[in-house]
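These protein sequence lines are chains S and H, in that order. Note that this note's numbering numbers the first sequence so that position 109 is 109, with each residue one more than the last. Note that this note's numbering numbers the second sequence so that position 235 is 1235, with each residue one more than the last. All C-beta atoms in this analysis are idealised placements derived from N, C-alpha and C, irrespective of residue type, glycine included.
Number of protein chains: 2
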Amino acid sequence: MKNAIGREIPEVIGSRNVSPYAGAFSTLRADRKAGRHQKGAPQHENKILPSLEAAIEATGLSDGMTISFHHSFRDGDRVINQVLDACARKGLKDLRLLPTALFPVHAGIVGHIESGLVSRIEGSMNGPIGAFVSQGGRLSEPAVLRSHGGRWRAIEAGDVEIDVAFIAAPQADAYGNATGIKGKTPCGPIAFSAVDAQYAKHTVVLTSDLAPYPVYPMEIQQGWVDYVVVLDEIGDPDNIASGTLVLTKSPTRLLIAQMTTDAVVHSGYFVDGFSFQGGAGGISLAATKYLGDEMEKAGIVGSFGMGGGTKMLVELLHRGLIRAILDGQAFDLDAVRSIREDEAHVMIDPGMYANYDSRGCATYKLDAAFLGATEVDLDFNVNVNTHSDGMLLHGIGGHQDVAAGAAMTMITIPTLRGRIPVIMDSVTTVTTPGEVIDVIVTERGIAVNPKREDLKERFLAARLPVRSLEEIKEEADAMIQPVRKPVFGDEIVAAIEWRDGTMIDVVRKVEGFE
Amino acid sequence: MKNAIGREIPEVIGSRNVSPYAGAFSTLRADRKAGRHQKGAPQHENKILPSLEAAIEATGLSDGMTISFHHSFRDGDRVINQVLDACARKGLKDLRLLPTALFPVHAGIVGHIESGLVSRIEGSMNGPIGAFVSQGGRLSEPAVLRSHGGRWRAIEAGDVEIDVAFIAAPQADAYGNATGIKGKTPCGPIAFSAVDAQYAKHTVVLTSDLAPYPVYPMEIQQGWVDYVVVLDEIGDPDNIASGTLVLTKSPTRLLIAQMTTDAVVHSGYFVDGFSFQGGAGGISLAATKYLGDEMEKAGIVGSFGMGGGTKMLVELLHRGLIRAILDGQAFDLDAVRSIREDEAHVMIDPGMYANYDSRGCATYKLDAAFLGATEVDLDFNVNVNTHSDGMLLHGIGGHQDVAAGAAMTMITIPTLRGRIPVIMDSVTTVTTPGEVIDVIVTERGIAVNPKREDLKERFLAARLPVRSLEEIKEEADAMIQPVRKPVFGDEIVAAIEWRDGTMIDVVRKVEGFE
Chain S
1 MKNAIGREIP EVIGSRNVSP YAGAFSTLRA DRKAGRHQKG APQHENKILP
51 SLEAAIEATG LSDGMTISFH HSFRDGDRVI NQVLDACARK GLKDLRLLPT
101 ALFPVHAGIV GHIESGLVSR IEGSMNGPIG AFVSQGGRLS EPAVLRSHGG
151 RWRAIEAGDV EIDVAFIAAP QADAYGNATG IKGKTPCGPI AFSAVDAQYA
201 KHTVVLTSDL APYPVYPMEI QQGWVDYVVV LDEIGDPDNI ASGTLVLTKS
251 PTRLLIAQMT TDAVVHSGYF VDGFSFQGGA GGISLAATKY LGDEMEKAGI
301 VGSFGMGGGT KMLVELLHRG LIRAILDGQA FDLDAVRSIR EDEAHVMIDP
351 GMYANYDSRG CATYKLDAAF LGATEVDLDF NVNVNTHSDG MLLHGIGGHQ
401 DVAAGAAMTM ITIPTLRGRI PVIMDSVTTV TTPGEVIDVI VTERGIAVNP
451 KREDLKERFL AARLPVRSLE EIKEEADAMI QPVRKPVFGD EIVAAIEWRD
501 GTMIDVVRKV EGFE
Chain H
1001 MKNAIGREIP EVIGSRNVSP YAGAFSTLRA DRKAGRHQKG APQHENKILP
1051 SLEAAIEATG LSDGMTISFH HSFRDGDRVI NQVLDACARK GLKDLRLLPT
1101 ALFPVHAGIV GHIESGLVSR IEGSMNGPIG AFVSQGGRLS EPAVLRSHGG
1151 RWRAIEAGDV EIDVAFIAAP QADAYGNATG IKGKTPCGPI AFSAVDAQYA
1201 KHTVVLTSDL APYPVYPMEI QQGWVDYVVV LDEIGDPDNI ASGTLVLTKS
1251 PTRLLIAQMT TDAVVHSGYF VDGFSFQGGA GGISLAATKY LGDEMEKAGI
1301 VGSFGMGGGT KMLVELLHRG LIRAILDGQA FDLDAVRSIR EDEAHVMIDP
1351 GMYANYDSRG CATYKLDAAF LGATEVDLDF NVNVNTHSDG MLLHGIGGHQ
1401 DVAAGAAMTM ITIPTLRGRI PVIMDSVTTV TTPGEVIDVI VTERGIAVNP
1451 KREDLKERFL AARLPVRSLE EIKEEADAMI QPVRKPVFGD EIVAAIEWRD
1501 GTMIDVVRKV EGFE
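Structure (structure tokens):
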């Protein structure tokens, strides 16, 4: 069947019946969410277990079950590998992983897939695991990719059941209260796991810093936690900023950041109380910095900036240019420190941030958002998951949630990466539909979605370089070199959920190249 | 049928089938909790409604439905009366009220019961409403009294469904984020309503201080809130400390406070990391003060004190005698200020505090608790709900939750009030069973539950005045004047739930006096 944006979607994927994407705000379930598992506790109890193996035994973790993790340590995580190694030692097989995201540090999972320990993955797969899965024939069912808000929603709705949630906690007490902003290796908020902790049949907190009761803030509450295991190491915070989080030095990207800032300033949204979110890419970071300077110049104070928390955002708070930061994950250690020290740097969980099945998300309060993409197309559809070689290399993150929420969503991209085109006739994979994208900013000009004539007029009045996306594409296409086009097989290796649980696209096996 | 402590309980009360009390930690439900209602929201939405009447219309509130409230303003609340008056103006009838607690300020509810607007009440009824209900024939079904933790549990379990939650919020933004510790009239934590907000079909925030987005800390989250109504007045914080919250000047009570402190000091629990909770009565407040002095003398630092937050507790934190305060409700304005200013004064919700159906309550981490009573009996059962004239005049509060949780629960009572006895052969109403009571401290001596020979030995070794409860009773009985004994009718006016949802006792109509 074809979904609302014309993507061919099977009616059944693996063991699930598929609801096709029907529009960004089309579904409204009238039924109830899943009920949490009843838990009780005796008056006094020791929740401390001596090892991961002991936790596997105590929770009854066995073949075919689902285990979950958060990604707050990003590429510095040491928990997922340790847990899977322990599962391997216990001879388990056929596990389903439900991480929020996997990173290159988790490349060892490839071996666990080959050995049969891991047979399914639902979660973002940044880098090697995604590339491996793209080869096809690796998992027993297609992977499922969800946005931050979509994952929260799916767990609450009962779309996916967690048997054991393993939660890396930089600091925890023996009764299970835990936080990510304190301890020996603070990584920032860990409330991505709050929904896991509440809905899992069993919840295990893993910490390298067992502190006296009570540990606070209670991002993870004792009442949700069955067991606590102390590990020598849970993660390396120096790696949370790895990957995309470097302020760009590329003149092209700095130009795009400047044009993005100009567009915001002339959008009509740039007034007192203005709110915004940038992604973690170099362009977004630069745009955040430029935007702060413009706010200062104009005497505007923003209501809030939203994170991933970064040094750039914290500086805006400290300069009094925004009244608050709403932060679900730290992208650098300056952000972690600021959460501890600045009352106005407020931790929020992904439910508040982005849950479609709620009475309103923080993303819905955004005036402007600037986000990245691997590809865009002439319908303004955005791909952040696959590259044009067809390989599944990135997760969704909050892309869908922010794009759907912000009054003005801007995609900030160079038209070429090397000499590979970024603007396509049709994106390889649709992550986020064009209907929620307002503006695409490139070094060759600013394209405005035809739905937003109002913005186009404002930009033209401000003499910004507004051009049609077709025109920009044509100009860029003259400079591309022939790329090796993927040949896709029939096998679906991953399903891309829209944030409401419907299916917006699928990713197929890469069989070779033309 | 008789329950585990020998109280006669009917199998059916009103429209509910009764599970008899079976022991303090006997039930363990293996099933699931209730699912929350699915809610959705468009991208941009105005949740502000112009009036309570508009909120009644928008939520579809109609005859026979259930509405809920918190009691954080205590006797200063202005919301319940305004909402009920609006319901009366809309011609509604047969509503069920689910407040956390009612106070004398809500005496006007008597008129609403008489008019048929209110026909059922589940919640604490301090003072006039309880007295009125005690007369019998007033409500269409017996009232239900639950502890703080019991109410949270009941809502999560689906024992009681809320149609519309009305939440008094000292500060809120237009999207529904709300807190009790800021604004024009801060009253302290309002997270008693967090479970209402999450489980109600509709949630309405009522505020007298609409502040710019985002209001934080988000005790109530936007994603749970359907509508926001601005009212001129929601409550008077000067009245949160009314009633019991006065440091006693009575020599008898000060003596009891001193003996309580002595008992704690010699209990074996009085070591570094010690934790405790006092109630809101004069003896408890004095004992908290004395205990702080003993901690200072002994060089002991406690792990946490638990609230109701009071000036006494805050002083201990400021003197460095406890590392943290865990606080679910403020009993005075010093506590409210401290929550705003002291990072270690941590707000917790009643779920974390006391939910039986969780993997451990904060009350389970208590070493010592000193609580009040209207009556105790020779089985160490405690009554906090009725007086010996049979009248239902008080709620349960956290009494059951704390008594069940603390390693050493002490009831601190004078043996006589005026010349009315406090120690009975059998309490008029069992609120909290003797099995979770360890020590009863009176001005005539300290009685130790026979289950706690260990404590008795320690107290005797410290030459504390340990006596049997029978002996103390006999001595006190010599001084009583004849009291008018109530004559109870058959009608059950209220059911007293144990914190796990089983029935520990019932309160019957007072028909007259002997």
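The region 217-237 of chain S: positions lying closer than 8 Å to chain H by Cβ: Those would be P217, M218, Q221, Q222, G223, W224, V225 and D226, in chain order.
Same chain, Cβ closer than 6 Å to I504(S), neighbours up to 5 away in sequence not counted: Leaving aside the five residues that flank I504(S) on each side, the residues in its chain whose CB is nearer than 6 Å to its CB run, in chain order, Y21, V430, I496 and W498.
Cβ-based neighbour list, G35(S), same chain, cut-off 8 Å, excluding 5 preceding and 5 following: Cβ within range, chain order: n/a, list empty.
Residue span of the beta strand (DSSP E) that contains E1375(H), given as start and end: For E1375(H), the enclosing beta strand (DSSP E) stretches over residues E1375 to D1377.
Local Cβ density within 10 Å of V1439(H), reported as buried at 16 or more and exposed below that: Around the beta carbon of V1439(H), 16 or more other beta carbons sit within 10 angstroms, so the residue counts as buried.
Segment limits, beta strand (DSSP E) that includes F304(S): DSSP places F304(S) in the uninterrupted beta strand (DSSP E) bounded by G302 to M306.
Exposed unless 16 or more other CB atoms sit within 10 angstroms - verdict on A1354(H): A residue is called buried when at least 16 other Cβ atoms come within 10 angstroms of its Cβ; A1354(H) meets this threshold and is buried.
Contacting residues, own chain, Cβ-Cβ under 7 Å from T252(S) (five flanking each side not counted): Residues P414 and E443 of the same chain have their beta carbon placed closer than 7 Å to that of T252(S), with the five preceding and five following residues left out of the count.
Sub-9 Å separation of I1234(H) and S1193(H) beta-carbons: Taking 9 Å as the Cβ cut-off, I1234(H) and S1193(H) do not qualify as a contacting pair.
Amino acids of chain S, ordered along the chain, whose beta-carbon sits closer than 9 Å to that of V1346(H): Under the 9 Å cutoff, chain S gives P214, Y216, P217 and M218.
For I1472(H), three-class secondary structure by DSSP: When DSSP states are grouped into helix, strand and coil, I1472(H) belongs to the helix group.
Cβ contact (3+ pairs, closer than 8 Å) linking the region 83-102 of chain S and the region 61-75 of chain S: Three or more beta-carbon pairs drawn from the region 83-102 of chain S and the region 61-75 of chain S are found closer than 8 Å, and the two stretches are therefore classed as touching.
Per-residue contacts from E1038(H) into chain S (C-beta, under 7 Å): Residue identity differs from the one stated: residue 1038(H) is Gln in this sequence, not Glu. The contacting residues are R29, A30, D31, R32, K33 and D357.
V1225(H) vs V1204(H) beta-carbon contact at 9 Å: In contact: V1225(H) and V1204(H) (Cβ atoms closer than 9 Å).
DSSP-derived helix/strand/coil call for G405(S): DSSP places G405(S) in helix when its eight states are reduced to three.
Buried or exposed (CB count within 10 angstroms, at least 16 for buried), Q1481(H): Around the beta carbon of Q1481(H), fewer than 16 other beta carbons sit within 10 angstroms, so the residue counts as exposed.
Other residues of its chain near A154(S): CB distance less than 7 Å, five sequence neighbours each side excluded: R146, V160 and G501, listed in sequence order.
Alpha-carbon spacing of L1206(H) relative to L1028(H), whole angstroms: Their Cα atoms are separated by approximately 37 Å.
Runs of beta strand (DSSP E) wholly within the region 50-100 of chain S (minimum 3 residues, chain order): Fully enclosed beta strand (DSSP E) runs of 3 or longer: 66-69 and 95-99.
Neighbourhood of H394(S) by C-beta distance below 6 Å, restricted to the same chain and skipping five residues each side: Excluding sequence neighbours, H394(S) sits near N126, V384 and N385.
Close beta carbons around V1436(H), own chain, < 7 Å, minus the five adjacent residues each side: Only A1024, A1403, A1404 and T1409 meet the Cβ criterion.
Cβ contact (3+ pairs, closer than 8 Å) linking the region 1077-1084 of chain H and the region 1248-1264 of chain H: No contact exists between the region 1077-1084 of chain H and the region 1248-1264 of chain H.
Beta-carbon contacts of G1150(H) that lie in its chain and below 6 Å, excluding the five residues immediately before and after: Cβ contact annotation for G1150(H) (same chain, cutoff 6 Å, sequence separation greater than five): E1497 and R1499, in chain order.
Any beta strand (DSSP E) of 3 or more consecutive residues that is wholly inside the region 221-274 of chain S: Runs of the beta strand (DSSP E) inside the region 221-274 of chain S: 227-230.
Residues bridged to N1017(H) [DSSP beta-bridge criterion]: N1017(H) is bridged to V1012(H).
Segment contact flag, the region 1414-1426 of chain H with the region 1470-1486 of chain H, C-beta cutoff 8 Å, min 3 pairs: With the cut-off at 8 Å, the region 1414-1426 of chain H and the region 1470-1486 of chain H touch.
S1284(H) (DSSP reduced to helix, strand or coil): Of the three classes helix, strand and coil, the one that applies to S1284(H) here is helix, per DSSP.
Short CB-CB distance (under 9 Å) between R499(S) and chain H: Not an interface residue.
Within 8 Å of chain S by C-beta, residues of the region 1297-1329 of chain H in sequence order: Residues S1303, F1304, R1323, A1324 and L1326.
Whole-Å CB distance - S19(S) paired with G188(S), under 8 Å assumed: The pair is not a contact, with the Cβ atoms about 34 Å apart (cut-off 8 Å).
Residues in the region 1040-1071 of chain H having any Cβ partner in chain S nearer than 7 Å: Within the region 1040-1071 of chain H, the residues whose Cβ lies closer than 7 Å to any Cβ of chain S are, in chain order, G1040, A1041, P1042, Q1043, H1044 and E1045.
Buried versus exposed call for A461(S) [16 or more other C-beta atoms within 10 Å across all chains shown]: It is exposed - the Cβ of A461(S) has fewer than 16 other Cβ atoms within 10 Å.
Residue range of the alpha helix (DSSP H) that includes M1312(H): The continuous alpha helix (DSSP H) containing M1312(H) extends over residues K1311 to H1318.
Status (buried if at least 16 other CB within 10 Å, exposed otherwise) for K1485(H): With fewer than 16 Cβ atoms within 10 Å of its Cβ, K1485(H) is classed as exposed.
G1040(H) versus A1131(H): straight-line alpha-carbon distance, rounded: A straight-line Cα-Cα distance of about 43 Å links G1040(H) and A1131(H).
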